[in-house]
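Visitor: Here it is, the structure, as structure tokens.
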Amino acid sequence: MSTTDPQSLEYVVTFGRIGRHGGGTPDGPRPPAPAPLVRIYGGERLARDIATYARRFLGSPSFEVVLDGEAGNGAIYAGFRTAGTFTIDTRPRGSVEG
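Residue numbers (numbering that gives the first Met the number 0): 0 to 97.
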């Protein structure tokens, strides 16, 4: 993560997959991964937003979001399985990438 003023950054969460139907292609065609989330805050609040967003893609009502801000990635765990993966990038607040 950057040492820039946190108020001038936004966090972009890009999902590799979420659940059984939320992207990835291990055994054939699947829908694309869910759209990225863009938020202006990190930490625990960002983890809660990821959990809220991921809930619609998961069959299990019980899961945990783990994010590593230093490494810039994270995972969603349901039971003893990985139910999703994502990366976290920062960019200047208000910028648009195409």
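Glycine included, every Cβ here is placed at the ideal spot set by N, Cα and C. These numbers come from a predicted model, not from an experiment.
Helix, strand or coil for residue 38? Go by DSSP, reduced to three states.
Guide: strand
Visitor: Identify the continuous beta strand (DSSP E) that holds residue 91 and give its terminal residues.
Guide: 80-91
Visitor: Assuming the contact rule is C-beta atoms closer than 8 Å, residue 11 and residue 37 should be a hit. Round their C-beta distance to whole Å, please.
Guide: Right, the Cβ-Cβ distance comes to about 5 Å (below 8 Å), so this counts as a contact.
Visitor: Looking at residue 53: is its Cβ nearer than 8 Å to the Cβ of residue 83?
Guide: Contact flag set, yes.
Visitor: Going by Cα to Cα distance, which pick from 68, 77 and 8 is closest to residue 61?
Guide: 77
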